[in-house]
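Colleague: Residue numbers for the sequence shown follow our numbering, so the first one is 335 and each next one is one higher.
Here's a structure for you.
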Amino acid sequence: LVDSLGGRAQAVESAEKLTNKDLQLRELETRQTEGLLSLFLSNTGVRNVLADLGLGTDVQTPLSAEY
Numbered sequence: 335l336v337d338s339l340g341g342r343a344q345a346v347e348s349a350e351k352l353t354n355k356d357l358q359l360r361e362l363e364t365r366q367t368e369g370l371l372s373l374f375l376s377n378t379g380v381r382n383v384l385a386d387l388g389l390g391t392d393v394q395t396p397l398s399a400e401y
């Protein structure tokens with residue numbers, strides 16, 4: 335009985351650790367996505383300003399060509 339309770343406690347602890355890891359990974363992915371999005375938007379802003387000045391070409395670059 336003690337062994338099975340100990341095993342259950344370990345299983346619960348392992349599940350909690352995995353859940354925490356999963357949450358940390360999701361948080362990291364979210365931050366990376368936000369970073370890429372802000373980078374893309376700032377690059378787009380720069381290109382739009384250059385285009386307004388007549389210095390830029392190809393303002394409508396698709397996202398896939400960016401990365």
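We put the CB at the ideal spot given by N, CA and C, even for glycine.
Helix, strand or coil for Val383? Go by DSSP, reduced to three states.
Modeller: DSSP places Val383 in helix when its eight states are reduced to three.
Colleague: Using only the alpha-carbon positions, how far apart do Arg360 and Leu371 sit?
Modeller: About 16 Å.
Colleague: Compute the Euclidean distance between the alpha carbons of Val393 and Arg381, then round it to the nearest angstrom.
Modeller: Bear in mind that a pLDDT of 47 at Val393, under 50, signals an unreliable position, so the number given afterwards is only what the model happens to contain. Distance between the alpha carbons of Val393 and Arg381: 6 Å.
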